[in-house]
Structure formats: structure tokens, C-alpha cells
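Asker: Sending over a structure as C-alpha cells; questions will come in a sec.
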Amino acid sequence: MICGFEPEKGKRVDALGTSMTTFEPFETGVEVQGQAVLSVVAGVPSAFESKAYDLLAAEGIEDPRPDAWYSQSSYLNAYRRIVDEIGENTLQRIAQSTPENAEWPSSVDGPVAALESIDDAYQQNHRGGDVGSYDVVDVDGRRATVRCRTPYPCAFDEELVEATVELFSDDYPTTTEIGATCRSDGGEECTYRVEW
Numbered sequence: 415m416i417c418g419f420e421p422e423k424g425k426r427v428d429a430l431g432t433s434m435t436t437f438e439p440f441e442t443g444v445e446v447q448g449q450a451v452l453s454v455v456a457g458v459p460s461a462f463e464s465k466a467y468d469l470l471a472a473e474g475i476e477d478p479r480p481d482a483w484y485s486q487s488s489y490l491n492a493y494r495r496i497v498d499e500i501g502e503n504t505l506q507r508i509a510q511s512t513p514e515n516a517e518w519p520s521s522v523d524g525p526v527a528a529l530e531s532i533d534d535a536y537q538q539n540h541r542g543g544d545v546g547s548y549d550v551v552d553v554d555g556r557r558a559t560v561r562c563r564t565p566y567p568c569a570f571d572e573e574l575v576e577a578t579v580e581l582f583s584d585d586y587p588t589t590t591e592i593g594a595t596c597r598s599d600g601g602e603e604c605t606y607r608v609e610w
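If you read the sequence shown in this note's numbering, its first letter stands for residue 415, the second for the next number, and so on.
Laid out in C-alpha cells, this is it:
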């Protein structure tokens with residue numbers, strides 16, 4: 415179990431057994447751009463790439479194209495199955511590969527600018543309703559606080575924040591969940607402090 419996530423159930427579970435379902439869109443009708451779908455495939459070990467494509471196809475996403483749009487519900491179902499069938503570490507691998515595979519604007523010149531651009535990229539890759547957000551809510555020198563409100567697992571969001579800073583910093587970052595609420599406790603968001 416990573417960060418309290420039970421992939422076979424698609425739920426985050428805290429120490430008391432309280433759970434909050436992940437992999438469920440906030441609204442029906444939300445879509446995900448193909449580039450985001452393909453980033454999941456890029457994050458799985460190469461030996462499982464064809465398996466990831468098969469699981470996407472089983473949810474109606476066949477031969478995903480970067481510029482096409484797909485149902486977020488179908489995408490999240492496939493994503494959950496990828497984690498279930500390929501393994502829990504897949505969440506971390508996908509999150510780590512996301513910043514590496516992203517096309518960053520030339521204005522992104524360091525960790526803070528990179529963190530601030532996560533939400534821009536997220537919004538560009540999702541449409542059709544409430545998709546959630548990534549918000550940098552505080553910056554203090556080599557430390558930032560990021561609030562994540564998405565239907566993706568907390569372990570993914572936490573690793574995405576850390577991997578983004580790592581890509582734009584010479585130092586290895588550390589990330590700590592610090593929010594008063596967490597999706598694993600039934601909250602709507604998780605808050606992370608990342609230091610580098």
C-alpha cells in the first residue's frame with residue numbers, strides 16, 4: 415500500500431479504515447486530452463506497455479492520439495486497472511515520468527515556476543466541468559506549499575509535486591503532507607510542503 419492507497423479497491427484508506435474513492439471524476443462529461451492518456455503509458459515499465467494499451471482499449475480508448483479527447487471516467491477506470499494489474503509502484507513511475515515527458519514553457523526556470531505551471535498544464539489537458547486543480551498557496555525560499563484537489567490518487571499527486579521540483583532543482587526535494595484534511599480522510603484535497 416502506498417500513501418494509504420489500496421489500488422485493488424480504488425480507494426484511499428487512513429489508519430482508521432476511513433476511505434475516499436479515487437479514480438472518479440468530480441463531474442460527468444469531463445474529458446482528458448490524449449497527451450495525458452499517453453503519459454500514463456509512458457510511465458509504465460516498457461514490458462507492460464502493450465498491457466496498458468489493452469487496458470485503455472477495454473475502457474473504450476483505442477489507439478489514443480495526443481490531440482484527441484477522451485472520457486475522463488473511462489480514462490480513470492483504465493488508470494485504476496493499470497495500477498491494479500501492473501502494480502502499486504506504477505503510480506510513482508507515472509508521476510515521476512510526467513514532468514520528464516512534459517513540454518515546459520521557456521519561462522519555467524526553476525522549481526517554483528515549475529510548480530506554478532502544473533495547474534496550467536492540468537487545465538489544458540482536462541475540460542468539460544470541474545476537473546480540480548493544483549494550487550501553489552505559499553512559497554518561502556526553498557520551500558513551497560501545494561494544494562492538490564484532483565480525482566487522482568494522493569500518492570500520484572505527492573510524487574508529481576516532488577518529481578517536478580527534482581527536475582528543476584540541483585538538490586533532492588522532500589515532500590510532506592501537511593494539510594488539515596486529506597482525501598484519505600474524506601477531504602476534498604491534500605496539501606503538501608515540498609523543500610529542496
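Yeah, the Cβ is synthetic: ideal placement off N, Cα and C, and Gly gets one too. Quick caveat, the model's predicted, so the values are computed rather than measured.
Using only the alpha-carbon positions, how far apart do Pro-439 and Ile-508 sit?
Answerer: The residue labelled residue 439 in the question sits at position 25 within the sequence shown. The residue labelled residue 508 in the question sits at position 94 within the sequence shown. Cα to Cα, Pro-439 sits roughly 19 Å from Ile-508.
Asker: Alpha carbon to alpha carbon, how far is Leu-505 from Val-444? Give it in angstroms, no decimals.
Answerer: Numbered from 1 along the sequence shown, position 30 holds the residue referred to as residue 444. Numbered from 1 along the sequence shown, position 91 holds the residue referred to as residue 505. One C-alpha to the other measures close to 22 Å.
Asker: For the region 471–483 against the region 526–535, are there 3 or more C-beta pairs whose distance is under 8 Å?
Answerer: Short answer: they don't touch.
Asker: What is the DSSP secondary structure of Leu-596, reduced to helix, strand or coil?
Answerer: Locating residue 596 in the sequence shown gives position 182, counting from the first residue. The sequence as given places Cys at residue 596; Leu does not occur at that position. If DSSP states are grouped into helix, strand and coil, Cys-596 belongs with coil.
Asker: Quick check: what's the CA-CA separation for Cys-596 versus Cys-604?
Answerer: Stepping through the sequence shown from its first residue, residue 596 is reached at position 182. Stepping through the sequence shown from its first residue, residue 604 is reached at position 190. Approximately 5 Å between the Cα atoms of the pair.
Asker: Assuming Thr-504 is part of the alpha helix (DSSP H), what are its boundary residues?
Answerer: Looking up residue 504 in the sequence shown gives position 90. First-last of the alpha helix (DSSP H) with Thr-504: 503–515.
Asker: How far does the alpha helix (DSSP H) with Thr-578 in it reach, from first residue to last?
Answerer: Mapped onto the sequence shown, residue 578 falls at position 164. That run of the alpha helix (DSSP H) goes 568–581.
Asker: Report the residue ranges of all beta strand (DSSP E) runs contained in full by the region 453–505; include only those spanning at least 3 residues, in chain order.
Answerer: Correct list: 483–485.
Asker: Going by C-alpha to C-alpha distance, which of Gly-593, Leu-581, Lys-465 sits closest to Trp-518?
Answerer: Here residue 518 corresponds to residue number 104 of the sequence shown, with the count starting at 1. Nearest option by C-alpha distance: Leu-581.
Asker: Taking the alpha helix (DSSP H) that Asp-533 belongs to, which residues open and close that run?
Answerer: Position 119 of the sequence shown, counted from the first residue, corresponds to residue 533. Segment 525–538, the alpha helix (DSSP H) holding Asp-533.
Asker: Touching or not, the region 458–475 and the region 491–505, by the rule of three or more beta carbon pairs under 8 Å?
Answerer: At 8 Å Cβ cutoff, the stretches touch.
Asker: Which same chain residues end up closer than 6 Å to Gly-524 when comparing Cβ atoms and leaving out the 5 residues on each side of it in sequence?
Answerer: Position 110 of the sequence shown, counted from the start, is the residue given in the question as residue 524. Excluding sequence neighbours, Gly-524 sits near Phe-582.
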